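Chemist: Sharing a structure below in C-alpha cells format, with a few things to ask.
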Amino acid sequence: MNKDILIQLRGISKSFDGETILDNVSLDIHDKEFITLLGPSGCGKTTTLRIIGGFETPDNGEVFFDGKKINDLPPHKRLVNTVFQKYALFPHLNVYENVAFGLRLKKTPKEELDQKVKEMLRLVNLSGFEKRHVTTLSGGQQQRVAIARALVNHPRVLLLDEPLGALDLKLRKDMQGELKKIQRQTGITFIYVTHDQEEALSMSDTVVVMANGHIQQIGTPVDIYNEPVNAFVADFIGESNIIDGVMLADLKVKFARHTFTCVDKGFAPGEAVDIVIRPEDVDVVPVNSGNLNGVVSSVTFKGDYYEIIVDVDGFKWMLETSDFVAEGETIGLYIEPDAIHVMKKSEFSGMFGDYSTFSDEMEHLSDPTEEDEE
Amino acid sequence: MKQRSLFQKIAAAPHILWAIMFIAAPMLFVLYFAFTDADGNFSFSNITSLSQYGNVFILSIAFALIATVVCLLIGYPLAYFMAKQKPRTQKILMVMIMLPMWCNLLIRTYALMALLDNGGLLNSLLEQLGVGRVPIVGTYFGVILGMVYDFLPYMVLPIFTAMTKLDKRYIEASYDLGCNGWQTITRIIMPLTASGVISGVTMVFVPSISTFYISQKLGAGKIDLVGDTIERLFQNVSTYNVGAAMSLVMMVLILISIFVMNRFSDDRTTAPVRGGLK
Chain A
0 MNKDILIQLR GISKSFDGET ILDNVSLDIH DKEFITLLGP SGCGKTTTLR IIGGFETPDN
60 GEVFFDGKKI NDLPPHKRLV NTVFQKYALF PHLNVYENVA FGLRLKKTPK EELDQKVKEM
120 LRLVNLSGFE KRHVTTLSGG QQQRVAIARA LVNHPRVLLL DEPLGALDLK LRKDMQGELK
180 KIQRQTGITF IYVTHDQEEA LSMSDTVVVM ANGHIQQIGT PVDIYNEPVN AFVADFIGES
240 NIIDGVMLAD LKVKFARHTF TCVDKGFAPG EAVDIVIRPE DVDVVPVNSG NLNGVVSSVT
300 FKGDYYEIIV DVDGFKWMLE TSDFVAEGET IGLYIEPDAI HVMKKSEFSG MFGDYSTFSD
360 EMEHLSDPTE EDEE
Chain B
0 MKQRSLFQKI AAAPHILWAI MFIAAPMLFV LYFAFTDADG NFSFSNITSL SQYGNVFILS
60 IAFALIATVV CLLIGYPLAY FMAKQKPRTQ KILMVMIMLP MWCNLLIRTY ALMALLDNGG
120 LLNSLLEQLG VGRVPIVGTY FGVILGMVYD FLPYMVLPIF TAMTKLDKRY IEASYDLGCN
180 GWQTITRIIM PLTASGVISG VTMVFVPSIS TFYISQKLGA GKIDLVGDTI ERLFQNVSTY
240 NVGAAMSLVM MVLILISIFV MNRFSDDRTT APVRGGLK
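Okay, here's the thing in C-alpha cells:
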C-alpha cells in the first residue's frame, strides 16, 4: 500500500430506507491533500463524509485510516474533526469556550490550552472575540469559530461539509482563499464537500465528482475540466456543448455533419461518442472560413466577454467571444483539434442537450438553504 | 405603543372584565383581609401571628423541594429516554404520560389512596407475600409519593420538548470533538435543555408547595401543610384574616422562587436553537 495514503474507502455501500445513497464507492485520500467531493444534492457526497467522520456506518465495504480498519470506531476516537454545514457552535458557550471544548476534554493544562486557543483565534482572525457570545456573531465569524474549534485539536483530517454554503458570494470568495491558506499552513488533510463546482476547482488539489451514489471522476481540477470522462462531469463542471458524434478512426471524429481532426484515439471505428467543446474554445470567424456556420440567436454581455448562443443546423451552441456579433448574424465557427474532447457514451449521454432551453440562472446555482441528503 | 382599534378594545373587554372580577379583585380582597383585623382596622397582627405556623411553612417547603427533586431525577432520564425513541414509540409513551392527566387530580389522588391504604391493594399483596403491611398513607413518604405521582408529567413534558428541539448537530459536534456518551449528556445536552428543566421545576414546585388535597388524603389528616392550614383558617370566619395573611405570604414565596429560577435561565440556555423546529 502506498505510504502516502491516509484514508482508504473500499467498496462502500450505504442505503437509507431502501434508497441506495452510495453504491460500491472506493476512494484513496492522500496525506496533506485538499480533496473535494463535488456533486449535486443526493449524490452521496455528504454521506461519504459522514462515514469518514464516523457518524454513519457503511452497510458494506471498509474504511481504513492510516492502514487500520475503522468501520466501528466511534467519532470521538477518530483523529478527524468536522466543520459542520451550519457550524453547530454550542450556543451555551462563548467563542473561547467553543474553541477550547476539545482541549478541555483532553485535560490540557490551563496555560497550554489558553495559548493554543488564542493562537487558533489569531489564525482565523478572531482575536479579541473570546468573550463574545456565538449567537451574536455574523455568519462568516461563526464559520471561522467552527474552523478554529475543529483545528485546535490538531486532527489528521478536517472534514468540511459545505462550510461556505450559508455565506454571501463576496465572503465566500474570501473564505476560499483563507481556507486554502490555513490548509497549507497547518498541513492537515482537508476533505471538503460542496456542490459549487467553481469552489471545488479553485481550492482543491484533487476533485472527486460524484453522481447517483457513484464516483464519476477523480482528478486534478485541470484534468476534470479539460478531460471530463462523461457527459455528466462535462456538464457539471463549467459550461459545455455536448454533441453526439461518431469516431471514424483514431484522430478522426464526425459530428455536426462534419469530419474533424481531433487528438483522441483508442476508440473502436464507428463507435458512438459524446463530444465536449467548451464555449471559450470555439473561435468566431467570418462565414465559410471555419468548420461550421451558424446563426446567432442571442447575445448576452458578460463584462469581459459576450456569451452567444449560435444555432448550427438546429443545435444550439454556447460560445464565449470578446468580439461583438449581432443577433441574427450568420457567423463561422472554427474549432481546433485540441478543443475537441471525445468521451465514451455513458448513462448520462443524451441527458444534457444543447442550449436551446438555456437560461442564465438555471443550472446548479448554489442554494445556501438546500439540505443535502441525510 | 401601537394604538389599539375600537374593535380590539371591544374584543378584549370580556377577558379584561373576567380578569378584574376573578383575578384582580380576589387578590385585593386577600391583601385587604391580610392587613386588617376583625373590625376592619389596619393591622400587622395577622402577619406576626403567622410565626406560630413556622413549622408548617418549613415542612411545606421541604416536601415541595423533595418532590421536585424526585420528579427531576425520574423525569429527566425518562424524557431523555423518550426523546431517543422513534417518533411512533414517542407518541405511545406520550399518551401513557398524558393519560392520567385527563383524569381529575382529586380522583387520581383518591385512587392512589385506595392502592396504598393499609387495607389497600398494595398492602394486601405485601401481606400475601409475607412481607407484612407497610403503612404508607399517613406518612411523610406517602404525601411525597402523592406529589410525585400527581405532578411528574409536568416535569417530563417540558424537558421532553426541550430535548426534541435540540439540534442533532450539537450532539454530533460534541462526539466529533471527543466527548463520549456521558460527557455529551453532561456538557451539551444538560446545559441546552436547562430551559425545559426550569419550566419543569417551576411547574412541579408551585403546585406541590400549595397543595392541600394530597396531604389531606395521603397524610390521613395527620400532616399539616400550608395549603391545609389556609383551608382550615378560611373555614372559620374568626380566622379569615390570618388565612389571608398566610395566603399572601405563600404567594410572595412562590413569586420569589419563580424569580430565582428564572435567574438561572439566562438568555444563553433559552437562546433559540437553530434548526430545532423542523
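These protein sequences, in sequence, are chains A and B.
Quick note: the first sequence uses numbering that gives the first Met the number 0, first residue 0, plus one each step.
Quick note: the second sequence uses numbering that gives the first Met the number 0, first residue 0, plus one each step.
We put the beta carbon where it would ideally sit given N, CA and C, even for glycine.
Quantities reported herein were computed from a predicted structural model and do not represent experimental measurements.
Which residues bound the alpha helix (DSSP H) around Asp175 of chain B?
Modeler: For this step, residue 175 of chain B is matched to residue 176 along the second sequence. Counting along the chain, the alpha helix (DSSP H) containing Asp175 of chain B begins and ends at Lys167 to Asp175.
Chemist: Taking the alpha helix (DSSP H) that Ile50 of chain A falls in, what are its first and last residues?
Modeler: For this step, residue 50 of chain A is matched to residue 51 along the first sequence. Residues Lys44 to Gly52.
Chemist: Ignore the nearest five residues each way along the sequence and tell me which others in Phe235 of chain A's own chain have a CB closer than 8 Å to its CB.
Modeler: Within the first sequence, residue 235 of chain A is the residue found at index 236, counting from 1. These residues qualify, in order along the chain: Leu37, Gly38, Pro39, Gln196, Val208, Ala210 and His363.
Chemist: Between which residues of its own chain and Gly137 of chain B is the CB-CB distance below 7 Å, once the five residues before and five after are set aside?
Modeler: Along the second sequence, read from residue 1 onward, the residue named residue 137 of chain B stands at position 138. Gly218, Ala219 and Lys221, listed in sequence order.
Chemist: Strictly below 7 Å CB to CB, what residues from chain A border Arg262 of chain B?
Modeler: Looking up residue 262 of chain B in the second sequence gives position 263. Those do not exist, as Arg262 of chain B stays about 16 Å from chain A at its closest Cβ, beyond 7 Å.
Chemist: Nearest-angstrom Cα distance between Tyr191 of chain A and Leu8 of chain A?
Modeler: Residue numbering aside, residue 191 of chain A sits at position 192 when the first sequence is read from its first letter. Residue numbering aside, residue 8 of chain A sits at position 9 when the first sequence is read from its first letter. If you take the alpha carbons of Tyr191 of chain A and Leu8 of chain A, they lie about 16 Å apart.
Chemist: Going by the DSSP bridge assignment, what does Phe233 of chain B pair with across the sheet?
Modeler: For the purposes of this step, residue 233 of chain B is taken as residue 234 along the second sequence, with counting starting at 1. Paired residue(s): none; Phe233 of chain B is not in a bridge.
Chemist: Tell me which same chain residues have a C-beta within less than 8 Å of the C-beta of Phe6 of chain B, skipping the five on either side of it?
Modeler: Here residue 6 of chain B corresponds to residue number 7 of the second sequence, with the count starting at 1. Nothing listed; no residue qualifies.
Chemist: Where Glu126 of chain B and Leu120 of chain B are concerned, what is the direct C-alpha to C-alpha distance, given to the nearest angstrom?
Modeler: Within the second sequence, residue 126 of chain B is the residue found at index 127, counting from 1. Within the second sequence, residue 120 of chain B is the residue found at index 121, counting from 1. Going by the C-alpha atoms only, they are around 10 Å apart.
Chemist: So Phe128 of chain A packs on Gln142 of chain A, CB below 8 Å; how close in whole Å?
Modeler: Your numbering for residue 128 of chain A matches position 129 in the first sequence. Your numbering for residue 142 of chain A matches position 143 in the first sequence. Not confirmed; about 13 Å, so no contact.
Chemist: For Ala110 of chain B, go through chain A and note every residue whose CB falls closer than 9 Å to its CB, in chain order.
Modeler: For the purposes of this step, residue 110 of chain B is taken as residue 111 along the second sequence, with counting starting at 1. Ordered by position in chain A, no residue passes the 9 Å Cβ test against Ala110 of chain B, which lies about 41 Å from the chain.
Chemist: Determine the direct distance from the alpha carbon of Phe159 of chain B to that of Met97 of chain B, and round the result to whole angstroms.
Modeler: In the second sequence, the residue the question calls residue 97 of chain B occupies position 98. In the second sequence, the residue the question calls residue 159 of chain B occupies position 160. Cα to Cα, Met97 of chain B sits roughly 13 Å from Phe159 of chain B.
Chemist: Assuming contact is defined by CB atoms lying nearer than 8 Å, are Ile34 of chain A and Ser201 of chain A in contact in what I supplied?
Modeler: Against the first sequence, residue 34 of chain A aligns to sequence position 35. Against the first sequence, residue 201 of chain A aligns to sequence position 202. It is not a contact, given that the beta carbons lie outside the stated cut-off.
Chemist: Mind pulling the chain B residues with CB within less than 8 Å of Asn152 of chain A?
Modeler: Counted from its first residue, the first sequence places residue 152 of chain A at position 153. Within chain B, the residues near Asn152 of chain A are Leu176 and Gly177.
Chemist: Skipping 5 residues on each side, what residues in its chain have a beta carbon closer than 6 Å to that of Asp3 of chain A?
Modeler: Translated into the one-based positions of the first sequence, residue 3 of chain A becomes position 4. Taken in chain order, the residues that qualify are His29 and Asp30.
Chemist: What residues in its chain sit with their C-beta under 8 Å from that of Val241 of chain B, if we drop five residues either side in the sequence?
Modeler: The residue labelled residue 241 of chain B in the question sits at position 242 within the second sequence. Counting only Cβ-Cβ distances below 8 Å, and skipping sequence neighbours, we find Asn45, Ser48, Leu49 and Leu232.
Chemist: In chain order, what are the residue ranges of uninterrupted beta strand (DSSP E) at least 3 long that sit wholly in the segment 44-105 of chain A?
Modeler: Counting whole runs of 3 or more residues, the segment 44-105 of chain A contains the beta strand (DSSP E) stretches 59-64 and 79-82.
Chemist: Closer than 7 Å, Cβ to Cβ, to anything on chain B: give me those residues from the segment 79-94 of chain A, in chain order.
Modeler: Listed in sequence order: Asn80, Thr81, Phe83, Lys85, Ala87, Phe89, Pro90 and His91.
Chemist: Taking all protein chains shown into account, do 16 or more other C-beta atoms lie within 10 angstroms of the C-beta of Gln182 of chain A, making it buried, or fewer, making it exposed?
Modeler: Position 183 of the first sequence holds residue 182 of chain A. By the 10 Å Cβ count, Gln182 of chain A comes out buried.
Chemist: Which stretch, first to last residue, makes up the alpha helix (DSSP H) that contains Met26 of chain B?
Modeler: If you number the second sequence from 1, residue 26 of chain B lands on position 27. Element bounds for Met26 of chain B: Ala24 to Ala33.
Chemist: For Phe383 of chain A and chain B, any beta-carbon pair shorter than 8 Å?
Modeler: No information on residue 383 of chain A is available, as it lies outside the stretch 0 to 373 that chain A covers here.
Chemist: Can Val82 of chain A and Asn70 of chain A be called in contact, C-beta distance under 8 Å?
Modeler: Indexing the first sequence from 1 puts residue 82 of chain A at position 83. Indexing the first sequence from 1 puts residue 70 of chain A at position 71. For Val82 of chain A and Asn70 of chain A, no; Cβs fall outside 8 Å.
Chemist: Under three-state DSSP, which class holds Asp322 of chain A?
Modeler: Here the question's residue 322 of chain A lines up with position 323 in the first sequence. In this structure, Asp322 of chain A counts as coil in the three-state DSSP scheme.
Chemist: Is there a Cβ from chain B that is less than 8 Å from the Cβ of Leu104 of chain A?
Modeler: As a position in the first sequence, residue 104 of chain A is number 105, starting the count at 1. With 8 Å as the cut-off, Leu104 of chain A counts as an interface residue toward chain B.
Chemist: For a contact meaning CB atoms closer than 7 Å, what does Tyr169 of chain B contact in chain A?
Modeler: For the purposes of this step, residue 169 of chain B is taken as residue 170 along the second sequence, with counting starting at 1. Here the neighbours are Ala87 and Phe89.
Chemist: How is Glu129 of chain A classed by DSSP in three states: helix, strand or coil?
Modeler: What you label residue 129 of chain A is simply residue 130 of the first sequence in a count that begins at 1. Correct three-state label for Glu129 of chain A: coil.
Chemist: Between Arg52 of chain A and chain B, is there a C-beta pair that is closer than 8 Å?
Modeler: Numbered from 1 along the first sequence, position 53 holds the residue referred to as residue 52 of chain A. For the record, residue 52 of chain A in the displayed sequence is Gly; it is not Arg. Answer yes: the Cβ-Cβ gap between Gly52 of chain A and chain B drops below 8 Å somewhere.
Chemist: Determine the closest residue to His194 of chain A out of A:Ser348, A:Gly41 and A:Asp280, with distance taken between C-alpha atoms.
Modeler: Position 195 of the first sequence, counting from 1, holds the residue named residue 194 of chain A. It is A:Gly41 whose Cα lies nearest to the Cα of His194 of chain A.
Chemist: Determine the extent of the beta strand (DSSP E) in which Phe259 of chain A is found, giving its start and end residues.
Modeler: On the first sequence, position 260 is the one that residue 259 of chain A refers to. Unbroken beta strand (DSSP E) run through Phe259 of chain A: His257 to Thr260.
Chemist: Could you check what DSSP says for Arg262 of chain B in three-state terms: helix, strand or coil?
Modeler: Position 263 of the second sequence, counted from the first residue, corresponds to residue 262 of chain B. Residue state, collapsed to three classes: helix.
Chemist: Exposed or buried, what is Met350 of chain A when buried is set at 16 or more other beta-carbons lying within 10 Å of its beta-carbon?
Modeler: Within the first sequence, numbered from 1, the residue matching residue 350 of chain A stands at position 351. Per the 10 Å Cβ criterion, exposed.
Chemist: At a CB-CB cut-off below 7 Å, which residues of chain A make contact with Pro190 of chain B?
Modeler: Walking along the second sequence from the start, residue 190 of chain B turns up at place 191. Simply His91.
Chemist: Measuring only the C-alpha atoms, how far is Thr268 of chain B from Tyr79 of chain B?
Modeler: Along the second sequence, one-based indexing puts residue 268 of chain B at 269. Along the second sequence, one-based indexing puts residue 79 of chain B at 80. In this predicted model, Thr268 of chain B has a pLDDT of only 44, less than 50, meaning its place in the structure is not dependable enough to derive any value.
Chemist: What are the residues in the segment 63-75 of chain A lying within 9 Å of chain B by C-beta distance?
Modeler: Here the close residues are Pro73, Pro74 and His75.
Chemist: Checking 8 Å against the spacing of the C-beta atoms, do Ala230 of chain A and Ile241 of chain A come in under that value?
Modeler: On the first sequence, position 231 is the one that residue 230 of chain A refers to. On the first sequence, position 242 is the one that residue 241 of chain A refers to. For Ala230 of chain A and Ile241 of chain A, yes; Cβs fall inside 8 Å.
Chemist: Here's the rule I'm using: 16 or more other beta-carbon atoms within 10 Å means buried, otherwise exposed. How should Ser123 of chain B be labelled?
Modeler: For the purposes of this step, residue 123 of chain B is taken as residue 124 along the second sequence, with counting starting at 1. The residue is exposed, with fewer than 16 neighbouring Cβ atoms inside 10 Å.
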